Amino acid sequence: DKLGLATTLAKARRSYYEGGVPIGAALVYHSGDTPVVLGCAHNQRIQKSSPTLHAEIAALEDAGRQKAAVYRHSTM
Numbered sequence: 007d008k009l010g011l012a013t014t015l016a017k018a019r020r021s022y023y024e025g026g027v028p029i030g031a032a033l034v035y036h037s038g039d040t041p042v043v044l045g046c047a048h049n050q051r052i053q054k055s056s057p058t059l060h061a062e063i064a065a066l067e068d069a070g071r072q073k074a075a076v077y078r079h080s081t082m
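Residue numbers for the sequence shown follow my numbering, beginning at 7 and rising by one.
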């Protein structure tokens with residue numbers, strides 16, 4: 007979807023400009039006609055010397071704890 011891709015691209019650019027790997031991620035909840043970004047992040051493995059700060063993991067953490075039904079209607 008356009009919202010998810012635009013958010014992901016913006017996060018990837020941020021990582022690139024910080025000197026990191028240009029990867030972004032967004033968790034988008036699809037409820038009716040209006041998608042909502044629940045969480046988004048960029049790869050920070052290089053910037054923070056972390057083996058776990060992949061964009062996808064950081065986006066899930068940014069979204070916080072959600073009910074299972076929310077994840078069933080979401081895309082990353």
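The beta-carbon is built from N, C-alpha and C at its ideal position, and this holds for glycine as well. In this text, all values refer to a predicted model and were calculated from it rather than measured experimentally.
Going by DSSP, Ser21 is part of the alpha helix (DSSP H) stretching over 8 to 23. For Leu66, the enclosing alpha helix (DSSP H) begins and ends at 61 to 69.
Distance from Ala32 to Thr14 at the Cβ level is roughly 5 Å; contact confirmed, criterion being Cβ atoms closer than 8 Å.
Setting aside the 5 residues that flank it on each side, Ile29 is surrounded in the same chain by Ala18, Ser21, His48, Asn49, Ala61, each with a C-beta closer than 7 Å to its C-beta; the list follows chain order.
Across the structure, Arg71 and Val27 are spaced so that their CA atoms are roughly 26 Å apart.
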